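The structure appears below as structure tokens.
Chains as they are written, first to last, in the numbering used here: chain A, -7 to 212; chain B, 29 to 420.
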């Protein structure tokens, strides 16, 4: 579409809509572990770190295309490997100052994945400077290759406190919600085009004491 | 947080910006509209100024419709009156009725009958010649100074044919009634107001139309019975009957003529020509927001919401699909536009239907019906004889 009709304001609008869908409606997230090149000891010959040291994990909202595990039979029995695709909004990464690179790791559920490819998958209406999202393709990390704490939700068969996500909090452009700092930026609000929502970020909760279980239905 | 009062140019026209009620409602309208459109859960991509603009438009719409119906009721009374500030604010007044409109309609008939109207007649004369029956009144009719009336300044803008209103082919007599079919004593009785006491008076109770018919009879007899003179007009010629004799040579035949009436130039200064003429210039202003009652304000709120819904739909339908990570998102713009417009149409129809029952003409109908029904009802009411009068 012509630049005549797609100005920065339209780009902001599109980005904000995308953020709203990803963060305030769908609520899927991955935990991204960036490998520290400084802290990891790289082997002199193979130029690879046998043990990888990673930075603190960052929660990233995205859309996840879950793929069933690939099961292979070999002489030792059956081997299950997972692959995954996650679609991450480029604008959100820029807001948070994150660069996702091949070779880094992320977790989704109880599984850790190594990023195989992380290309920019599209531009917004053909404008090269405005990328829409990245498609992160992950391959299950070998056991022992990457060790870190597992963040929920994982699976309801487990008894860990965060195995099931009981609470979902929107962000809606607020710097904070009940979970803490959001890092969320809505461009139209930032530019003063739109005002903040008339009420704060809503939530749905199974643990909340409110009988309605949701700020959407009970604001008391 | 910006409020209506501290925002620069919050509405496009600013017609109500200074009214405290409007300022207060404008801020509340943001919450009302956004909440109704679901902003508590997901974003409503409308700015405050858009909503304020919708509020202003709603008041305009309400005002316009109200004024249309007020004009329906009252235009007839305002016709010809000044269009400017003199009647400013008259949209919320209850004016007295007048008959100016009807009188204006009657003027041409009065003018034709020679008893009024808005256009002067001009008298002139044709000098008769022996044995000449035909005269061109466009060239032969002259004023006392000898100027041709057709070429006079009064017939210059635009120049038109003259119309002969009257030909004085008899001598007007002030006291003709003394010698006519009616007793002369009636004239005296009328002049001295003792008609009921003169010996010649016959005590009949006569209706008014009898007098009118008698007046017509007198006029006709003056013109027909007392003279054998006559004329005929063909084109620009007037033919005199009978043919003038030698004795009439040089005498003058007096005519009273008038020009074709220019509707924008009557014979006197008439400023009402530039007054109210139709719906476009009846001096009805925008209603004052603070004076609108709760019925109107609720309509305005609903209409603002409908406008906002439509507007949100237009915003969301600018793109049919929004690219989101890994997919496309279809926005609900079109359905919002449709439902917003439906709401608007419904609100306007409801308001118009309501107002249709409240034009002054309709109110009279309703009052008449009520009176009729009351009469019917009273027929069934037991009333003791002697205490009431039964009608019908």
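Note that the Cβ used here is the ideal one computed from N, Cα and C, for glycine as well.
Since the structure is predicted, the reported quantities are computational estimates derived from the model, not experimental observations.
Take residue i and list the residues in its own chain whose beta-carbon comes closer than 8 Å to its own, dropping the five residues that flank it on each side.
i, result
"residue -5/A", "119"
"residue 292/B", "301"
"residue 14/A", "20, 53, 54, 55, 81 and 84"
"residue 156/A", "144, 145 and 148"
"residue 114/A", "123, 124 and 125"
"residue 183/A", "1 and 4"
Straight-line CA distance for residue i to residue j?
i, j, result
"residue 185/A", "residue 103/A", "41 Å"
"residue 366/B", "residue 290/B", "52 Å"
"residue 393/B", "residue 383/B", "14 Å"
"residue 297/B", "residue 391/B", "37 Å"
"residue 311/B", "residue 97/B", "14 Å"
"residue 378/B", "residue 87/B", "16 Å"
"residue 62/A", "residue 109/A", "19 Å"
"residue 100/B", "residue 122/B", "13 Å"
"residue 399/B", "residue 405/B", "10 Å"
"residue 230/B", "residue 239/B", "Bear in mind that the predicted position of residue 230/B carries a pLDDT of just 48, short of 50, making it too unreliable to give a figure here."
"residue 59/A", "residue 95/A", "20 Å"
"residue 274/B", "residue 131/B", "48 Å"
"residue 354/B", "residue 85/B", "41 Å"
"residue 34/B", "residue 77/B", "12 Å"
"residue 225/B", "residue 248/B", "Caution applies to residue 225/B, whose pLDDT of 49 falls short of 50 and renders its modelled position unreliable; the value that the coordinates give is listed next. Approximately 30 Å, taken between the alpha carbons."
"residue 208/B", "residue 246/B", "Bear in mind that the predicted position of residue 208/B carries a pLDDT of just 47, short of 50, making it unreliable; the figure below should be weighed with that in mind. One C-alpha to the other measures close to 8 Å."
"residue 30/B", "residue 24/A", "39 Å"
"residue 5/A", "residue 51/B", "29 Å"
"residue 104/B", "residue 94/B", "17 Å"
"residue 317/B", "residue 63/B", "23 Å"
"residue 111/B", "residue 58/B", "37 Å"
"residue 181/A", "residue 0/A", "14 Å"
"residue 45/A", "residue 32/A", "5 Å"
"residue 194/A", "residue 335/B", "26 Å"
"residue 161/A", "residue 197/A", "8 Å"
"residue 39/A", "residue 29/A", "11 Å"
"residue 54/B", "residue 332/B", "10 Å"
"residue 167/A", "residue 177/A", "8 Å"
What residues of chain B sit near residue i, judged by a beta carbon separation below 7 Å?
i, result
"residue 114/A", "351"
Under the rule that 16 or more other beta-carbon atoms within 10 Å means buried, what is residue i, buried or exposed?
i, result
"residue 152/B", "buried"
"residue 206/B", "Confidence at residue 206/B is low in this model, with a pLDDT of 43, below 50, so the placement of that residue is unreliable and no value is reported for it."
"residue 82/B", "buried"
"residue 133/B", "exposed"
"residue 344/B", "buried"
"residue 174/A", "buried"
"residue 32/B", "buried"
"residue 216/A", "An answer regarding residue 216/A cannot be provided, because it is not within the stretch -7 to 212 covered by chain A."
"residue 138/B", "exposed"
"residue 42/A", "exposed"
"residue 381/B", "exposed"
"residue 41/B", "exposed"
"residue 186/B", "exposed"
Note down, in chain order, every chain B residue with its Cβ under 8 Å from the Cβ of residue i.
i, result
"residue 93/A", "By Cβ distance, chain B contributes nothing, its closest Cβ being about 18 Å from residue 93/A, past 8 Å."
"residue 6/A", "347, 350 and 351"
"residue -4/A", "Those do not exist, as residue -4/A stays about 13 Å from chain B at its closest Cβ, beyond 8 Å."
What does residue i touch in chain A if you count any residue whose Cβ is under 8 Å from its own?
i, result
"residue 75/B", "185, 186 and 187"
"residue 59/B", "190"
Along chain A, in chain order, which residues have C-beta atoms closer than 7 Å to that of residue i?
i, result
"residue 63/B", "190"
"residue 341/B", "By Cβ distance, chain A contributes nothing, its closest Cβ being about 14 Å from residue 341/B, past 7 Å."
"residue 357/B", "9 and 13"
Within the same chain, show all residues whose beta-carbon is closer than 7 Å to that of residue i, passing over the 5 residues directly before and after it, in chain order.
i, result
"residue 423/B", "Nothing can be reported for residue 423/B, as the shown portion of chain B is limited to 29 through 420."
"residue 271/B", "159 and 161"
"residue 203/B", "The pLDDT assigned to residue 203/B is 41, lower than 50, so where the model puts this residue is not dependable, and the model offers no usable value."
"residue 128/B", "107 and 108"
"residue 279/B", "156"
Interface residues of chain B around residue i at Cβ under 9 Å?
i, result
"residue 124/A", "351, 352 and 353"
"residue 177/A", "Near residue 177/A there are no residues of chain B at all, since even the closest Cβ is about 14 Å away, more than 9 Å."
"residue 79/A", "352, 353, 354 and 355"
"residue 127/A", "353 and 354"
Closer than 6 Å by C-beta to residue i: which residues in its own chain qualify, once you throw out the five before and the five after it? Chain order, please.
i, result
"residue 70/B", "none"
"residue 288/B", "188"
"residue 101/A", "146"
"residue 57/A", "77"
"residue 91/A", "none"
### Query
For the segment 267 to 324 of chain B, which segments carrying the beta strand (DSSP E) assignment without a break, of at least 3 residues, lie completely within its bounds, in sequence order?
If you keep only unbroken beta strand (DSSP E) runs of at least 3 residues inside the segment 267 to 324 of chain B, you get 280 to 287.
#### Entry: Start-end ranges of the alpha helix (DSSP H) lying completely within the segment 35 to 72 of chain B, minimum 4 residues
Correct list: 48 to 64.
### Task
Go through the segment 95 to 178 of chain B residue by residue and report every complete run of the beta strand (DSSP E) that reaches 3 residues or more, in order.
Within the segment 95 to 178 of chain B, the complete beta strand (DSSP E) runs of at least 3 residues are 150 to 155 and 162 to 164.
### Task
Please list the segments of the beta strand (DSSP E) lying wholly inside the segment 8 to 82 of chain A, counting only runs of 3 or more residues, in order along the chain.
Listed in chain order, the complete beta strand (DSSP E) runs (minimum 3 residues) inside the segment 8 to 82 of chain A are 21 to 25, 50 to 58, 62 to 66, 69 to 73 and 75 to 81.
### Task
List in chain order: all unbroken alpha helix (DSSP H) runs of 4+ residues lying wholly within the segment 337 to 388 of chain B.
Fully enclosed alpha helix (DSSP H) runs of 4 or longer: 361 to 384.
### Within the segment 146 to 187 of chain A, ranges of the beta strand (DSSP E) (whole runs, at least 3 residues)
Listed in chain order, the beta strand (DSSP E) runs fully inside the segment 146 to 187 of chain A are 159 to 161, counting runs of at least 3 residues.
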